[in-house]
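Residue 17 in the numbering used here sits at position 6 of the sequence shown, and the numbers go up by one each step. Glycine residues also receive a C-beta, built at the ideal position from the N, C-alpha and C atoms. Note that the structure is predicted; figures quoted are calculated from it, not measured. Working notes, beginning with the structure itself.
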Amino acid sequence: VSERVREACTALQEELAECRQELQEQAAEYEAALGHADEAQARAREERRALVQEREAVEAALEAVEGDMDELRGAHDTALQRIKELTLMLAGAYEWKRKAEAMEAQAERSEHKRLVERQMVESERAMLLKEMHDHQDMLLRSVRKGGIKHR
12 VSERVREACT
22 ALQEELAECR
32 QELQEQAAEY
42 EAALGHADEA
52 QARAREERRA
62 LVQEREAVEA
72 ALEAVEGDMD
82 ELRGAHDTAL
92 QRIKELTLML
102 AGAYEWKRKA
112 EAMEAQAERS
122 EHKRLVERQM
132 VESERAMLLK
142 EMHDHQDMLL
152 RSVRKGGIKH
162 R
């Protein structure tokens, strides 16, 4: 075998060794990249799992809030109905109060009218009594003076 062939073989062996070295370095880089990718994938899975749990918690909270809102709407509707009922009752009470005040005012007017009439009757009675007393006094004086004179 010629010297050139040996040199070519040696050169090829060296080149092969370099290629092997490069391949080993690339394989190590690839393995490292795979490790980083696996770690990133594991973190991504964990983050996704956490996000799914968070979404489920938010959905549960929303359902609870919706239930509370439904309950509050029902309570609000009930309260509005009760307010309407109480308003009608209050309006009725005011109407009865107004009627009672009108009747009371009418009674006071009637009572005042009766009082005025009574005062007039009493005043007339007092005048008649005075006239009667005056008449009696006159008769008594006449009797004392010598009797009643016929005209």
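The C-alpha of His47 lies about 57 Å from the C-alpha of Ala86.
Taking the Cα positions, Thr21 is about 19 Å away from Leu34.
Within the same chain, and ignoring the five residues on either side of Gln52 in sequence, no residue has its Cβ closer than 6 Å to its Cβ. Judged by DSSP secondary structure, Ser134 falls within the alpha helix (DSSP H) whose first and last residues are 14-157. Met143 and Glu106 have their C-alpha atoms some 54 Å from each other. Rounded to the nearest angstrom, the gap between the Cα atoms of Ala61 and Arg54 is 10 Å. Rounded to the nearest whole angstrom, the CA to CA distance from Ala104 to Ser134 is 44 Å.
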